[in-house]
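Undergrad: One structure follows; several queries about it will come next.
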Amino acid sequence: MIAQQYKEMLGGKSVIRQLSEFATERGKEIGYENVFDYSLGNPSVPAPKEFTDSLINLLQNEDPMTLHGYSQSLGIPEVREAVAESLNKRFGMHYKKEHIFMTSAAAGAIAHAIRCITVPGDEILTFAPYFPEYNPYINLSGAKLKIVPANTEDFQINFEQFEKMLTDKVMAVLINTPNNPSGVVYSTETMEKLAGLLKQKSEEYGHDIYLISDEPYREIVFEGVDAPFVSKFYDNTIMCYSFSKSLSLPGERIGYLAVNPACKDAELIVNMCGQISRGIGHNCPSSLMQLGVVDVLDKTSDISVYETNMNILYKELVNLGFTCVKPGGTFYIFPKALEDDAIAFCEKAKKYDLILVPADSFGCPGYFRMAYCIDTEKVERSIAAFRKFVETEYRK
1226 MIAQQYKEML
1236 GGKSVIRQLS
1246 EFATERGKEI
1256 GYENVFDYSL
1266 GNPSVPAPKE
1276 FTDSLINLLQ
1286 NEDPMTLHGY
1296 SQSLGIPEVR
1306 EAVAESLNKR
1316 FGMHYKKEHI
1326 FMTSAAAGAI
1336 AHAIRCITVP
1346 GDEILTFAPY
1356 FPEYNPYINL
1366 SGAKLKIVPA
1376 NTEDFQINFE
1386 QFEKMLTDKV
1396 MAVLINTPNN
1406 PSGVVYSTET
1416 MEKLAGLLKQ
1426 KSEEYGHDIY
1436 LISDEPYREI
1446 VFEGVDAPFV
1456 SKFYDNTIMC
1466 YSFSKSLSLP
1476 GERIGYLAVN
1486 PACKDAELIV
1496 NMCGQISRGI
1506 GHNCPSSLMQ
1516 LGVVDVLDKT
1526 SDISVYETNM
1536 NILYKELVNL
1546 GFTCVKPGGT
1556 FYIFPKALED
1566 DAIAFCEKAK
1576 KYDLILVPAD
1586 SFGCPGYFRM
1596 AYCIDTEKVE
1606 RSIAAFRKFV
1616 ETEYRK
């Protein structure tokens, strides 16, 4: 007998992936350059030359067994040490390699973090709007994901609703800043208030409440935006990081989990990750990719294009009458649709070859997400399509 829960999931495929597939098929008809595909968050700039050079050097000069053999369960020690040193230098922390676990990007880190600190039936809270894949990440572990309603005024945390939902069943809070899909960055004020509440409730309930910080967009922050380092605010923080966005390496599946050194069980949690891998088939990421990122830990791709694209879209969308909180980072913008039904809105947009993602699955009905990690020239050409769409469908 097959597993029913996975069979049922076939009927709820990712809306983002379905729209991306539609855009690809439409591109075969009219040329993909004429499809304004804002569906998928796939980085559009190349990886840094230094990364390519590092791989070439490794492949030409390193022992093949080192490059292609199994790494240690927790990751290559020298890589873990380099990650710790980079974090300490950049953010004034005190990590050691014992606090770092190498993973298959942020998704792999989250999978381990959840299993380290929950048992089936425990609750984890996250804040709308949120990345829809958090549902299978958490619910298929046996824990239960609960969604705190959005603060649509500025997409910072809705603390009134959060306090109501922060019961003694909650073992962890999962945040994503800079945020997919809103593009908003949680401010220092927000982080201080969140940390204070978690400390208060941990003491009140007599058990630790962990903060899982999902940070694949940490480096994509725009000029003048307050972007605090989450782990500095709360001792029991488990950071989940990916090089997918900062280095444009989504297909390489490389990242890490970093437990705040001030967490009382920091080294134990990292060692537990090695055992969790045995149960979920993780078994450490590619040795080549671990070694490849060492030389570029403090570098990024040329991510300036994302801020350029954001400014173009934000200005034009507001001029067209959209309500929109200005993104502080990422490569997403999150406007309110021009009708209550965002699914219907996005379906109409397809007639103008605008591929937009309705935000119902992000926990924010009535909004839509645009992933503007595309060429600036294409962003500029899409403006005419937007104007025609709005004028034809909503200003008759």
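Residue numbers (the numbering used here): 1226 to 1621. Idealized CB from N, CA, C, for every residue including glycine.
In the DSSP assignment, find the unbroken beta strand (DSSP E) run with Glu1348 in it and report its ends.
TA: 1348 to 1352
Undergrad: Would you mind sorting His1337 into buried or exposed? The rule is 16 or more other CB atoms within 10 Å of its CB.
TA: By the 10 Å Cβ count, His1337 comes out buried.
Undergrad: Leaving aside the five residues before and after Cys1589 along the sequence, list all residues of the same chain whose C-beta is less than 6 Å from its C-beta, in chain order.
TA: Contacts found: Ala1353, Pro1354, Ala1375.
Undergrad: Mind listing, in chain order, the continuous beta strand (DSSP E) runs of no fewer than 3 residues lying wholly within the stretch 1559 to 1596?
TA: When DSSP assignments are scanned along the stretch 1559 to 1596, the uninterrupted stretches of beta strand (DSSP E) that are 3 or more residues long and fall wholly within it turn out to be 1593 to 1596.
Undergrad: Hey, how far is the Cα of Thr1377 from the Cα of Pro1583?
TA: 16 Å
Undergrad: Beta-carbon within less than 6 Å of Tyr1411's beta-carbon, same chain only, minus the 5 sequence neighbours each way: which residues are those?
TA: Thr1402
Undergrad: With respect to the alpha helix (DSSP H) encompassing Thr1415, which residues constitute its N-terminal and C-terminal limits?
TA: 1413 to 1430
Undergrad: If we require 3 or more residues per run, which beta strand (DSSP E) segments fall completely within the stretch 1252 to 1340?
TA: 1325 to 1328
Undergrad: Are Ala1574 and Phe1547 close, meaning C-beta to C-beta below 9 Å?
TA: no
Undergrad: Have a look at Thr1343, Phe1356, Tyr1359 and flag the residue whose alpha-carbon is nearest the alpha-carbon of Gly1367.
TA: Thr1343
Undergrad: Below 8 Å, can you find three or more Cβ-Cβ pairs linking the stretch 1468 to 1483 to the stretch 1323 to 1334?
TA: Because the criterion of three Cβ pairs below 8 Å is met, the stretch 1468 to 1483 and the stretch 1323 to 1334 touch.
Undergrad: Would you kindly report the start and end of the unbroken beta strand (DSSP E) that includes Ala1397?
TA: 1395 to 1401
Undergrad: Apart from the five residues just before and just after Phe1316, which ones in its own chain have a Cβ nearer than 6 Å to its Cβ?
TA: Phe1454
Undergrad: For Gly1444, tell me which candidate among Val1604, Leu1579, Gly1553 has the shortest Cα-Cα distance.
TA: The sequence shown places Glu at residue 1444, not Gly. It is Gly1553 whose Cα lies nearest to the Cα of Glu1444.
Undergrad: Report buried or exposed for Glu1477, applying the criterion of at least 16 other Cβ atoms within 10 angstroms of its Cβ.
TA: Glu1477 counts as buried, since at least 16 other C-beta atoms from the protein chains shown sit within 10 angstroms of its C-beta.
Undergrad: Taking Thr1351 as the reference, give the member of Ile1437, Gln1297, Lys1426, Met1416 with the closest Cα.
TA: Ile1437
Undergrad: Is it a yes or a no for the stretch 1556 to 1568 touching the stretch 1587 to 1602, going by three-plus beta-carbon pairs under 8 Å?
TA: yes
Undergrad: Could you tell me if the beta carbon of Met1327 falls within a distance shorter than 8 Å of some heavy atom in the ligand ADP?
TA: No copy of the ligand ADP occurs in the structure displayed, which carries no ligand at all.
Undergrad: In whole angstroms, what separates the C-alpha of Ala1596 from that of Val1446?
TA: 15 Å
Undergrad: Does the pairing of the stretch 1518 to 1530 with the stretch 1303 to 1318 give three or more beta-carbon distances under 8 Å?
TA: The stretch 1518 to 1530 vs the stretch 1303 to 1318: in contact.
Undergrad: What residues match up with Val1373 in a beta bridge as DSSP calls it?
TA: Phe1352
Undergrad: Do you know how far the Cα of Ser1502 is from the Cα of Met1535?
TA: 38 Å
Undergrad: So, under 8 Å CB-CB, Glu1348 and Met1396 are touching, yes? Tell me the CB distance rounded to an integer number of Å.
TA: 7 Å
Undergrad: How many angstroms separate the CA atom of Ala1283 from the CA atom of Glu1275?
TA: Per the sequence shown, residue 1283 should be read as Leu rather than Ala. Cα-Cα distance, rounded: 12 Å.
Undergrad: Please report the straight-line C-alpha distance between Ser1467 and Tyr1577, rounded to a whole angstrom.
TA: 34 Å
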